[in-house]
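J.: Residue numbers (numbering that gives the first Met the number 0), protein chains in the order written: chain R, 0 to 513; chain A, 0 to 513.
There are 2 protein chains.
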Amino acid sequence: MLTQKTTALEFSRKDERIAALLELVEKIDDLKSLNDLAEWDQNTLLPDGAGGTRGNQMATIQGVLHDYRTNPRLGHLLDELQERVKGAEYTDADRGLVHEARRMYKQSTKLPRALVEEMARVAANSFEAWRRARERNDFASFAPWLARTVELQREAADHFGYEETRYDALLDLYEPTMTVSKLDRLFAPVREVSATMLRRIKSSGNTVDDACLAGDFDTEKQVALSKRLLTGMGYDFNRGAIAVSPHPFTSGISSPFDVRVTVHPDRHHIQAAIMAAIHEGGHALYEQGSSESLARTLVAGGASMGVHESQSRLWENAIGRSEAFWRGQFAAVREAFPQHFANVDEATFARALNKVQPSLIRIEADEVTYNLHIIVRYELERELINGKVAIESLPRMWNAKYREYLGIEPERDSEGVLQDIHWTSGFGYFPSYTLGNLYGAQIYATLRQEFRDFDERLAIGDTAFVLNWLHEKMYAVGSIYLPEELMKRVTGKTPDPQFFVRYLTSKFEGIYEL
Amino acid sequence: MLTQKTTALEFSRKDERIAALLELVEKIDDLKSLNDLAEWDQNTLLPDGAGGTRGNQMATIQGVLHDYRTNPRLGHLLDELQERVKGAEYTDADRGLVHEARRMYKQSTKLPRALVEEMARVAANSFEAWRRARERNDFASFAPWLARTVELQREAADHFGYEETRYDALLDLYEPTMTVSKLDRLFAPVREVSATMLRRIKSSGNTVDDACLAGDFDTEKQVALSKRLLTGMGYDFNRGAIAVSPHPFTSGISSPFDVRVTVHPDRHHIQAAIMAAIHEGGHALYEQGSSESLARTLVAGGASMGVHESQSRLWENAIGRSEAFWRGQFAAVREAFPQHFANVDEATFARALNKVQPSLIRIEADEVTYNLHIIVRYELERELINGKVAIESLPRMWNAKYREYLGIEPERDSEGVLQDIHWTSGFGYFPSYTLGNLYGAQIYATLRQEFRDFDERLAIGDTAFVLNWLHEKMYAVGSIYLPEELMKRVTGKTPDPQFFVRYLTSKFEGIYEL
Chain R
0 MLTQKTTALE FSRKDERIAA LLELVEKIDD LKSLNDLAEW DQNTLLPDGA
50 GGTRGNQMAT IQGVLHDYRT NPRLGHLLDE LQERVKGAEY TDADRGLVHE
100 ARRMYKQSTK LPRALVEEMA RVAANSFEAW RRARERNDFA SFAPWLARTV
150 ELQREAADHF GYEETRYDAL LDLYEPTMTV SKLDRLFAPV REVSATMLRR
200 IKSSGNTVDD ACLAGDFDTE KQVALSKRLL TGMGYDFNRG AIAVSPHPFT
250 SGISSPFDVR VTVHPDRHHI QAAIMAAIHE GGHALYEQGS SESLARTLVA
300 GGASMGVHES QSRLWENAIG RSEAFWRGQF AAVREAFPQH FANVDEATFA
350 RALNKVQPSL IRIEADEVTY NLHIIVRYEL ERELINGKVA IESLPRMWNA
400 KYREYLGIEP ERDSEGVLQD IHWTSGFGYF PSYTLGNLYG AQIYATLRQE
450 FRDFDERLAI GDTAFVLNWL HEKMYAVGSI YLPEELMKRV TGKTPDPQFF
500 VRYLTSKFEG IYEL
Chain A
0 MLTQKTTALE FSRKDERIAA LLELVEKIDD LKSLNDLAEW DQNTLLPDGA
50 GGTRGNQMAT IQGVLHDYRT NPRLGHLLDE LQERVKGAEY TDADRGLVHE
100 ARRMYKQSTK LPRALVEEMA RVAANSFEAW RRARERNDFA SFAPWLARTV
150 ELQREAADHF GYEETRYDAL LDLYEPTMTV SKLDRLFAPV REVSATMLRR
200 IKSSGNTVDD ACLAGDFDTE KQVALSKRLL TGMGYDFNRG AIAVSPHPFT
250 SGISSPFDVR VTVHPDRHHI QAAIMAAIHE GGHALYEQGS SESLARTLVA
300 GGASMGVHES QSRLWENAIG RSEAFWRGQF AAVREAFPQH FANVDEATFA
350 RALNKVQPSL IRIEADEVTY NLHIIVRYEL ERELINGKVA IESLPRMWNA
400 KYREYLGIEP ERDSEGVLQD IHWTSGFGYF PSYTLGNLYG AQIYATLRQE
450 FRDFDERLAI GDTAFVLNWL HEKMYAVGSI YLPEELMKRV TGKTPDPQFF
500 VRYLTSKFEG IYEL
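(1) Going by beta carbon distance, what residues of the same chain come within less than 8 Å of L45 of chain A, once the five residues before and after it are set aside?
(2) V243 of chain A lies in the alpha helix (DSSP H); which residues open and close that run?
(3) Looking at E279 of chain R: is its Cβ nearer than 9 Å to the Cβ of P255 of chain R?
(4) From what residue to what residue does the beta strand (DSSP E) around P261 of chain R run?
(5) Roughly how far, in whole angstroms, is the beta-carbon of A272 of chain A from the beta-carbon of Q221 of chain A, given that I think they are within contact range, below 8 Å?
(6) In the DSSP output, what is A213 of chain R paired with across the bridge?
(7) Could you spell out where the alpha helix (DSSP H) holding G51 of chain R opens and where it closes?
(8) On the criterion of 16 or more Cβ atoms from any shown chain inside 10 Å, does R295 of chain A qualify as buried, or is it exposed?
(9) If we ignore side chains and look at the alpha-carbon of each, how far apart do N398 of chain R and L110 of chain R end up?
(10) How big is the Cα-Cα spacing for P394 of chain R and F426 of chain R?
(11) Counting only Cβ pairs nearer than 8 Å, list the residues of chain R close to D40 of chain A.
(12) Please tell me whether L20 of chain A and L77 of chain A are closer than 9 Å, where the distance is taken between their beta carbons.
(13) Which chain A residues sit within Cβ distance under 7 Å of A240 of chain R?
(14) So with CB distances below 8 Å, who are the chain A contacts of R295 of chain R?
(15) Quick one: list the residues of chain C neighbouring K26 of chain R, beta-carbon separation under 7 Å, in chain order.
(16) Looking only at its chain, what residues have a beta carbon closer than 6 Å to the beta carbon of H339 of chain A, apart from the 5 residues adjacent to it on each side?
(17) Do D29 of chain A and N55 of chain R have their beta-carbon atoms positioned less than 9 Å apart in this structure?
(18) Roughly how many whole angstroms lie between the Cα atoms of F324 of chain R and G231 of chain R?
(19) Please report the straight-line C-alpha distance between D412 of chain R and N370 of chain R, rounded to a whole angstrom.
(20) How about R259 of chain A: is its C-beta nearer than 9 Å to some C-beta of chain R?
(21) How many Å lie between G251 of chain A and R259 of chain A at the Cα?
(22) Return the residue from the list R:L383, R:F336 and R:Q270 that minimises the CA-CA distance to S146 of chain R.
(23) What first and last residue would you give for the alpha helix (DSSP H) that runs through T108 of chain R?
(24) Looking at Y438 of chain R and G288 of chain R, is the spacing between their C-beta atoms short of 9 Å?
(25) The beta strand (DSSP E) that contains G251 of chain A, what's its start and end?
(26) Restricting to Cα atoms, I'd like to know which of A:A346, A:Y404 and A:A317 is closest to F329 of chain A.
(27) E391 of chain R: buried (16+ other C-beta within 10 angstroms of its C-beta) or exposed?
(28) Checking contacts by CB at 9 Å: is F248 of chain R closer than that to chain A?
(29) For chain A, find out if any of its Cβ atoms is closer than 9 Å to the Cβ of V63 of chain R; answer yes or no.
(30) Could you compute how far the alpha carbon of T59 of chain R sits from the alpha carbon of L313 of chain R?
(31) Taking the alpha-carbon positions, what's the E25 of chain A to E9 of chain A distance?
(32) Taking a Cβ distance cut-off of 7 Å, strictly less, list which residues of the region 291 to 318 of chain R are near chain A, in chain order.
(33) Return no unless some Cβ of chain A is closer than 9 Å to the Cβ of A122 of chain R.
(34) Distance, Cα to Cα, G509 of chain A vs K354 of chain A?
(35) Pick helix, strand or coil for M0 of chain R, following the three-state DSSP scheme.
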């Protein structure tokens, strides 16, 4: 069995067409790694004065990448392999590679080189503008970059083409075959269960005390603690690194060998860095888990951004906000801040991490309200792409939606429309988080069925059994299967939002004694 | 006058040939920036497990760079501009650009693409092997990589071509038009004055006490102190960053906007980090000083590696080891380590930094013995390239030369042949340091003539007058002039080793009361 499984993840390198395809693909992957390194650097170390020059570098390498991705020889090879690769002499890895390479080739050939370069240049400059605008709570200075990004994304979407709405063309980049109409069907029960739970919790009058999370926490110690928690999850620092950035993220610079994470510690609230570390750790474990045989190709890494977020959200929430997990890991927190946590126990700490309260910052939101944050963004970005929205009215629209869905409104744009990095580079990503919550809940249900002693194991500090299972079932195969097929392989079923509905209901009925 | 000077540094962008040339060159420079970023990252943050994959990335981008550098359109444009650019309607910047682009084009077209890729791949892997070998004092594990590098460098030299010796072809990469025979003439008086001064100091019986430099110095505080000293020199952190690496270096990732330095603190000897910071600071000020109008071209940055080292060595030694300098800067050292330096004064500290004593580590060597370290390396690398040297015998040869020139011998290869990073990527660089000492002494003599109150200004903490003068005379023009012409512009004379002979003699006659 092991042999067969391993073989499925090997490319047929002796086949001359596969070998030729790999040669082209490996160079593309190398250049993409350098592009990702430049982005990592921009988020973590790039001097303030170098934003413009970095924008030119990003534009140039995107131009080169475009040439490599649209190489007619690549198109020719893919045509030759299209039917042939279905044969039994080829492996699943071969088929995944041909599929992913074709997807990339088709997308790339639809875009003019000049547009690709311009998008990269604007993204780099937009990032700098956003960073400063958020610091200074100055939406107006970011607005022109945002307007230009919307323009370019609409243009790109028109080049890609779509059947129903323009936004579908962008969604497909992150979640293959996803559309607004599919999304609306998947999201409807999520919105409903969120609103219901929020109402039930409120009317119960029961509360959760999260006072133990607030204090004065040295930020360097928070980074050290993040490192320790990541190590505890099984993140391999021999193939990774951690840094601080304005917005936490994971960079699979060269999966599985070079996968890095960032955190953004908040001096006064310890959960920001801790939960970011576990969230990004989930992404990173997935990337570090790709079979080495897939390295330097398009099929190392995650199956889609939704599937990717399923791993970050699974580790962050289902595992990382459970009492069982903290029974196994709380010592690290207490040792980092012994004075603060001298009289706090694991149960109190874990419970505090599950306080439900409508709030302004997405990445700090509880699980009940989190998807409402996403739906706000999804609806706004869909409008930006499909309709005609004046950029100046965006803060007002943002605030109105927060009032509508969450019952609260930001006083400053830095806590509102300026909080997220995503719109500096594109649109269509946000739904991935809610898809991730849905996929994640389904995978979590399977995991708990598989391991009847799930909580007992976590409670003694064991997380390796989770990682090993995920590794075997889904991490090792990278993106050789499409999301739906992967979900079937891992959970036995296609994606079904009812897993999330049941997960959320049962978890918070427990916590809030409803 | 200012207008004229500014104009000389502007390209004639309205000229269609210059505009076309710039378009090609700017892309090359962008890609080179990403290559340099990847090297910076490898030295500072790259996970241990990612060395191999980074090697592939470096090979790929070098291949792309090779294509861009050998673009026939570039050759055609350069042919068209060759004579034309001499006309008065063109600027010095245009002429410098055409000259540098031609040099690059000619060098690149001589090398096969596969060799360029292989050199990059080997360099990245060799770096990892060297880092581990030095840590473990295990020359044997580095030897195969070194042998392969020698092989590739010999092959490259044969492609470049040469008139007298193969090593000349490599020398020329770092110092245009330099040859072994010229070098031997320049180095003879250096070797003589070093030996003479060493003998005179020894026979005087006079000593310098450097006990105040030894202690237990928190390495993070050393980095913070390095940062403060760099700021004091005029290094602009808005266009730079500092990190820790196994071997200190400066990276002009995108001059003048992104110029970074590293240090390698030694917990027990404070001078390692301090002097590295000032040395790398000298390189960095030069790169940050290039006129913005030259950015993204081949003529931003230093005129040659010899000229570059003249700036690092000038700041490090002539300025950074002077009592006057420390009168102005010592407060920073004392504030970083108040207990250790409570009873040490500026004069004692500066004097300690000038202790002459044959030692094993080049970057920590005093000024009298420093060039002997270089001559050891120069002679060995010349033999590696020109002759037939068995790699296994290199440690023995290294040790024998140290015995011969410095009267001491390393006990471990990590303090001997494994100490420097340079041979992980190529040969021909080391002479730049001694050339730098020669050029630097000549520039320093000019500076002191220009500013009669040189020491008085340093002593009140002023270094800006030095930086401003260097900026105006040499930094702003980048590499638009060849080293010899630049030296004439800055000092009024072509390079003359007697400046260094006089500098060294008079300085150490003073310190050792000879």
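Virtual Cβ for every residue (Gly too), placed ideally from N, Cα, C.
T.: Let me lay it out:
(1) Same-chain partners within the cutoff: R53.
(2) Run containing V243 of chain A: none in the alpha helix (DSSP H); it sits in the beta strand (DSSP E), I241 to V243.
(3) no
(4) In the sequence on display, residue 261 of chain R carries Thr and not Pro. Counting along the chain, the beta strand (DSSP E) containing T261 of chain R begins and ends at D257 to V262.
(5) Indeed, because the Cβ distance is near 4 Å, the residues count as touching under 8 Å.
(6) The partner list for A213 of chain R (beta bridge, DSSP) reads R:H268.
(7) G50 to R68
(8) When all chains shown are included, R295 of chain A counts as buried.
(9) Distance from the CA atom of N398 of chain R to the CA atom of L110 of chain R, rounded to whole angstroms, is 35 Å.
(10) 17 Å
(11) L36 and D40
(12) yes
(13) L44 and P46
(14) T52 and N55
(15) Here the protein chains are R and A, and chain C is not one of them.
(16) G214
(17) yes
(18) 11 Å
(19) 20 Å
(20) yes
(21) 6 Å
(22) For clarity, residue 146 of chain R is Ala in the given sequence; the question names Ser instead. Ranking the options by Cα distance to A146 of chain R, first place goes to R:L383.
(23) D91 to K109
(24) no
(25) T249 to S253
(26) A:A346
(27) exposed
(28) Contacts with chain A at 9 Å (Cβ-Cβ) do not include F248 of chain R.
(29) yes
(30) T59 of chain R and L313 of chain R: Cα-Cα distance of roughly 37 Å.
(31) Their Cα atoms are separated by approximately 15 Å.
(32) A294 and R295
(33) By this cut-off, A122 of chain R is not an interface position.
(34) 12 Å
(35) Reliability of the predicted coordinates at M0 of chain R is poor, the pLDDT of 37 falling under 50, and the value obtained from them is presented with this limitation in mind. Correct three-state label for M0 of chain R: coil.
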